[in-house]
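Below is one structure, written out as C-alpha cells; the observations come after it.
In our numbering, the protein residues as written are 13 to 170.
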C-alpha cells in the first residue's frame, strides 16, 4: 500500500483529452455527451482551462420548479457552455500525489479532475477509475477466497 503514496498524476492520467469551447451550445454539448462516454469536459479558451462542464450541469438547464412553466426546448439548447460551466475549477498538476487526488475527489464528490501545467494549459485528466486502478496495482495483498454459502450459514448459527 505504501507504493500508492509514491504514485503521481503524471503516471496515471489520460493525456489525450477532449475539451470544449465556452461558446459551444448545450445542444452540441448534449450530442458530444451522447457520442462519447465522458462525464465531463474541460472548457478551454486560448488553450487555457477556464472551466469544467459536467453532464449534471447540462441537465440543470432543463430543471425547473414544478410550479413554473417548462422552458422552451430550443431556447435552452442554445444556452452556451460558459453559462452553465463551473469556473471555479479544482485542478491538479502532473506531479501531484494520487493520495491528494483521492482526498479531493472524496471531499468534493468529483469524478475527474483536469491536469494542468504551470501556465494553466490542459495536459491531461485524472478520473476515479485511474485512481482505483493505481490502488489495485499497488495493493500487494490478494483478495480473500470466496466462502461457500454452507459455511456462511454455519457461521451464522454458531
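Ideal Cβ positions, reconstructed from N, Cα and C, are used throughout, including at glycine.
{"Check": "Using alpha carbons as the reference points, say which of 48, 62, 17 lies closest to residue 132.", "Outcome": "62"}
{"Check": "If distances are taken between C-alpha atoms only, which option among 55, 69, 50 comes closest to residue 141?", "Outcome": "50"}
{"Check": "In the structure shown, what three-state DSSP assignment does residue 175 receive?", "Outcome": "Because the chain is modelled from 13 through 170, residue 175 falls outside the range shown and cannot be assessed."}
{"Check": "For a quick check, are the C-beta atoms of residue 75 and residue 96 less than 8 Å apart?", "Outcome": "no"}
{"Check": "Could you give the distance in angstroms between the alpha-carbon of residue 150 and the alpha-carbon of residue 137?", "Outcome": "20 Å"}
{"Check": "At the level of alpha carbons, what is the spacing between residue 129 and residue 106?", "Outcome": "7 Å"}
{"Check": "Just list the residues that DSSP pairs residue 109 with in beta bridges.", "Outcome": "20"}
{"Check": "Apart from the five residues just before and just after residue 120, which ones in its own chain have a Cβ nearer than 7 Å to its Cβ?", "Outcome": "102"}
{"Check": "Could you check what DSSP says for residue 7 in three-state terms: helix, strand or coil?", "Outcome": "This structure cannot settle anything about residue 7, because the visible part of the chain is limited to 13 through 170."}
{"Check": "Quick one: what's residue 26 bridged to in DSSP?", "Outcome": "137"}
{"Check": "Going by other Cβ atoms of all chains shown within 10 Å of its Cβ, with 16 needed for buried, is residue 24 buried or exposed?", "Outcome": "buried"}
{"Check": "Apply the 10 Å Cβ neighbour rule to residue 118 and answer buried if 16 or more other Cβ atoms are within range, or exposed otherwise.", "Outcome": "exposed"}
{"Check": "Since residue 104 and residue 127 are thought to touch, with beta carbons under 8 Å apart, how far apart are those beta carbons, to the nearest angstrom?", "Outcome": "6 Å"}
{"Check": "Where DSSP assigns a beta bridge to residue 53, which residues make up the other side?", "Outcome": "65"}
{"Check": "Pull up the distance between the alpha-carbon of residue 115 and that of residue 65, whole angstroms please.", "Outcome": "21 Å"}
{"Check": "Determine the DSSP secondary structure at residue 128, reduced to helix, strand or coil.", "Outcome": "strand"}
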